[in-house]
Amino acid sequence: MPGTDPGVPTRGPAYREVLRRSATLLPWLAVLAVLPIWWWDGGIPIAEVGAFGAYWTLAVVLPGTLVHRALRGSRGNLPEDLGYGAATGLLLELAAWALAAATGGQHLLRWWALPVVVVFLAVPRLRRHWRTGPGRRLPLAWHWAICAVLLLIAVWGYANWRSLPLPPADYAYYPDLLYHLGLVHELTRAMPFELPHLAGEPLRYHYLSDAHVASASMITGVPPATVLLHLWVVPVAWVAALVAAALVRELAGPWSAGPLAAAGGYLGASPTLGSPLDIPWTRALSYASLSQTYALPLLMLLAAVCVQVLRGRALGPAWVLVPALGLACAGAKASALPPLIAGLGLATLAAWIRRRRVPWRVFAVLASLVAAMVVGYRLFAGGGAGTLRAQPLGLIRHLVPYQQTYGADDGAQFGGLLPPGLAEADGTAGWLLAAALFGSWLLRQTPRLAGGPLLATPARRDPVAWLFTGAVAAGLAVAWLTYHPSASQIYFWLPVIPFGALLACWLLARIRVRWPVLVTAGLLGLLAQLLAPPLGSPPALTQAERAVESVRVANANDWMTTLGWSAARYAALIVLAALLAVAVEALLLTWPRAAVTARRAALAAGPPGADHAARQIGAGRNGHGTARCQHRHRSGDPGAAPARPCGPARRHQPAARGLRDRDAGRALAAGAHRPRRAGRHQRALPTRTHHAALRRPRLLGHRPGRPPRACRELGVRRRRRRRPRP
Numbered sequence: 002m003p004g005t006d007p008g009v010p011t012r013g014p015a016y017r018e019v020l021r022r023s024a025t026l027l028p029w030l031a032v033l034a035v036l037p038i039w040w041w042d043g044g045i046p047i048a049e050v051g052a053f054g055a056y057w058t059l060a061v062v063l064p065g066t067l068v069h070r071a072l073r074g075s076r077g078n079l080p081e082d083l084g085y086g087a088a089t090g091l092l093l094e095l096a097a098w099a100l101a102a103a104t105g106g107q108h109l110l111r112w113w114a115l116p117v118v119v120v121f122l123a124v125p126r127l128r129r130h131w132r133t134g135p136g137r138r139l140p141l142a143w144h145w146a147i148c149a150v151l152l153l154i155a156v157w158g159y160a161n162w163r164s165l166p167l168p169p170a171d172y173a174y175y176p177d178l179l180y181h182l183g184l185v186h187e188l189t190r191a192m193p194f195e196l197p198h199l200a201g202e203p204l205r206y207h208y209l210s211d212a213h214v215a216s217a218s219m220i221t222g223v224p225p226a227t228v229l230l231h232l233w234v235v236p237v238a239w240v241a242a243l244v245a246a247a248l249v250r251e252l253a254g255p256w257s258a259g260p261l262a263a264a265g266g267y268l269g270a271s272p273t274l275g276s277p278l279d280i281p282w283t284r285a286l287s288y289a290s291l292s293q294t295y296a297l298p299l300l301m302l303l304a305a306v307c308v309q310v311l312r313g314r315a316l317g318p319a320w321v322l323v324p325a326l327g328l329a330c331a332g333a334k335a336s337a338l339p340p341l342i343a344g345l346g347l348a349t350l351a352a353w354i355r356r357r358r359v360p361w362r363v364f365a366v367l368a369s370l371v372a373a374m375v376v377g378y379r380l381f382a383g384g385g386a387g388t389l390r391a392q393p394l395g396l397i398r399h400l401v402p403y404q405q406t407y408g409a410d411d412g413a414q415f416g417g418l419l420p421p422g423l424a425e426a427d428g429t430a431g432w433l434l435a436a437a438l439f440g441s442w443l444l445r446q447t448p449r450l451a452g453g454p455l456l457a458t459p460a461r462r463d464p465v466a467w468l469f470t471g472a473v474a475a476g477l478a479v480a481w482l483t484y485h486p487s488a489s490q491i492y493f494w495l496p497v498i499p500f501g502a503l504l505a506c507w508l509l510a511r512i513r514v515r516w517p518v519l520v521t522a523g524l525l526g527l528l529a530q531l532l533a534p535p536l537g538s539p540p541a542l543t544q545a546e547r548a549v550e551s552v553r554v555a556n557a558n559d560w561m562t563t564l565g566w567s568a569a570r571y572a573a574l575i576v577l578a579a580l581l582a583v584a585v586e587a588l589l590l591t592w593p594r595a596a597v598t599a600r601r602a603a604l605a606a607g608p609p610g611a612d613h614a615a616r617q618i619g620a621g622r623n624g625h626g627t628a629r630c631q632h633r634h635r636s637g638d639p640g641a642a643p644a645r646p647c648g649p650a651r652r653h654q655p656a657a658r659g660l661r662d663r664d665a666g667r668a669l670a671a672g673a674h675r676p677r678r679a680g681r682h683q684r685a686l687p688t689r690t691h692h693a694a695l696r697r698p699r700l701l702g703h704r705p706g707r708p709p710r711a712c713r714e715l716g717v718r719r720r721r722r723r724r725p726r727p
């Protein structure tokens with residue numbers, strides 16, 4: 002404004018900054034206030050609620066965040082630092098518990114975080130980890146979106162613990178909960194542990210989730226039953242969601258991918274569309290299975306470390322996390338680690354073929370995880386782990402249509418290579434029913450398998466895409482190629498559901514699907530789930546009717562007809578969602594403001610060479626067509642804002658002046674005015690995704706003559722001028 006001193010800051014920006022910080026803090030305060038209120042409403046005394054909250058803050062999140070920043074650095078924002086730090090704190094807590102149980106010092110366990118805090122206060126080089134490192138600020142919408150996901154997880158936990166009264170109570174508890182409660186009491190004692198239900202029998206089970214509950218009870222003084230049935234599950238699920246959101250944002254780029262992947266991976270349930278087929282295994286979070294839920298944050302943190310190695314970044318002191326997390330995952334859930342190892346093996350092979358050299362670091366991580374799995378099998382495997390057998394299509398034995406028809410007499414016997422009822426069935430009716438059940442299960446898992454086409458995009462050059470694709474494929478294969486009397490083979494699939502959601506969100510970010518399209522498709526699916534009329538279920542057969550072959554075949558045909566109509570509904574929903582998405586996208590393109598945004602996107606993602614020239618239009622505003630590249634960052638952090646521009650790229654001035662006087666859209670569509678090759682002290686001008694590309698590895702190195710758009714995948718590299726021969 003005229004008359005305003007340019008050296009004196011105005012009050013407007015300061016007020017806006019205060020409002021922005023208040024709007025950022027508000028959803029976090031709401032979420033953190035709602036959970037203790039719901040705990041108190043569930044009958045837990047306020048003193049125990051406060052003690053448990055202080056335990057998570059001071060004994061898990063604080064030391065874990067400090068150690069994680071020292072090992073892997075800061076993410077540049079507090080929420081993601083706290084998510085990774087809380088997962089690291091769970092790992093450190095297990096180490097402290099093991100030391101206390103081995104030495105009989107359980108009374109000192111509540112002070113385990115104090116030495117960590119003292120070290121980070123006393124050592125000058127470690128004091129900087131008390132502050133968040135430099136990085137890009139998260140948008141306000143990210144905070145509100147991730148807090149909405151955390152609130153929905155809290156609602157899920159509240160709905161579960163409201164139906165579980167604290168003992169003593171006249172209530173039929175799920176048997177596994179009482180089994181875990183006995184293990185929690187046993188793990189409060191000193192080593193060696195014994196089976197609490199049989200004196201003198203050594204304990205062989207993946208009991209590290211029970212060790213977490215036991216540690217929380219010993220540190221806070223809250224009864225183990227209260228911690229187990231009401232308190233522990235929601236904070237652990239929150240940590241898993243935060244780590245998943247941070248990892249997806251690092252891979253996909255857009256901020257919206259993180260909350261969307263967290264919601265889809267941990268809250269998403271498969272729609273039924275009125276089908277009578279009941280498939281209970283559709284969500285990664287499980288209130289009844291402690292080990293399944295507890296393994297999720299540890300597994301996601303281990304996946305983040307594997308991503309760091311596959312992207313070509315040195316681990317440094319973070320190498321200590323690889324065997325520790327591998328052993329912790331093996332001890333938390335025996336079925337969580339094998340799919341990730343299979344995916345890492347596939348990614349190692351892909352990196353080897355792509356780079357044409359042996360990726361020794363990746364091989365070292367793979368060997369460490371295999372060794373951790375072997376050691377974990379020796380230490381923790383037992384119980385039901387020995388009853389898993391190879392049997393293709395063994396999962397259909399736990400589905401109602403097979404149980405009512407061909408599997409009526411199977412029982413718990415293993416049988417041969419195939420389910421007994423399917424192997425003894427005459428004709429093709431049994432196989433058609435098995436194929437219909439397998440296809441129905443795959444249709445229910447379509448949102449988790451939708452990320453498979455990511456390998457058809459340029460992202461296939463990234464070994465990380467092969468890591469998560471291999472993990473999802475391995476979990477799916479083991480679940481359908483093995484048999485367990487209690488359907489425990491499904492626990493090979495449940496831990497990789499977040500990986501499937503990660504791939505799907507990565508694909509959406511890759512093809513640049515805009516949020517109105519996603520919202521419209523989501524609303525369509527919700528309306529279809531709520532309004533779809535239920536399909537009739539075939540009648541259940543009696544024992545005498547099951548013995549008649551013709552009756553069983555007729556009942557199986559009725560089930561196949563019902564499943565066929567259900568599949569037709571799914572297909573119609575997918576086609577309708579695709580048509581609606583195209584219509585919404587066309588509407589957005591015709592909207593005036595959206596058309597301007599689309600033109601800007603076209604300028605940023607035009608054909609090779611025009612991408613450079615479009616940048617000259619936005620950069621050459623000084624009347625001379627001078628463009629500057631802002632690829633240098635502060636403190637070496639790729640997420641930090643640019644520090645200062647580089648020198649001018651004078652070789653690109655003719656292209657900029659030519660495009661300034663012509664229609665930019667026609668020039669870009671024609672691919673004209675391609676810039677000349679950069680000189681010794683010049684770099685390729687940045688695209689819109691240039692700074693995000695700097696965080697990615699140079700998978701293939703430099704190829705002469707490669708178009709400037711390749712910097713999105715390969716980064717930017719200086720070219721040295723050849724010296725003339727003497």
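So in the numbering used here, the last spot in the sequence shown is 727, and the numbers never skip. Idealized CB from N, CA, C, for every residue including glycine.
Cβ neighbour criterion (16 or more within 10 Å) applied to residue i
i, result
"W112", "exposed"
"S23", "exposed"
"G51", "exposed"
"I512", "exposed"
"H108", "exposed"
"R163", "exposed"
"H759", "Because residue 759 is not part of the residues shown, which for the chain are 2 to 727, the question remains open."
"M192", "exposed"
"Y403", "buried"
Euclidean distance between Cα positions of residue i and residue j
i, j, result
"R547", "A541", "10 Å"
"Q544", "V554", "15 Å"
"G254", "L139", "12 Å"
"G440", "L434", "10 Å"
"L63", "F194", "30 Å"
"W507", "L455", "8 Å"
"G452", "L528", "24 Å"
"V576", "P168", "50 Å"
"A488", "V310", "35 Å"
"A262", "G422", "39 Å"
"P339", "R461", "22 Å"
"A226", "V583", "52 Å"
"R21", "P37", "26 Å"
"L389", "L419", "14 Å"
"L519", "T273", "20 Å"
Where residue i sits in the DSSP three-state scheme
i, result
"P28", "helix"
"Y407", "coil"
"L350", "helix"
"G254", "coil"
"D177", "helix"
"S551", "helix"
"G266", "helix"
"R163", "coil"
"I45", "coil"
"G476", "helix"
DSSP bridge partner residues for residue i (one or two, in chain order)
i, result
"T483", "A391"
"E195", "P203"
Neighbourhood of residue i by C-beta distance below 7 Å, restricted to the same chain and skipping five residues each side
i, result
"W40", "V50, H231, L232"
"A296", "C330, A333, K334, A337, P496"
"A670", "Below a pLDDT of 50, predicted positions are generally treated as unreliable, and A670, at 42, falls in that range; no measurement from the model is reported."
Residues near residue i by beta carbon distance below 6 Å, same chain, minus five either side
i, result
"G377", "L328, A331, G332"
"W143", "W256"
"P464", "L311, A348, A351, A352"
"M374", "A331, L338"
"A343", "G471, A475"
"T406", "R553, N556, A557"
Contacting residues, own chain, Cβ-Cβ under 8 Å from residue i (five flanking each side not counted)
i, result
"L581", "T521, A522, L525"
"L268", "V150, L153, I154, W157, R284, L286"
"V118", "L63, P64, L67"
"L110", "A97, W98, A101, S216, M219, I220"
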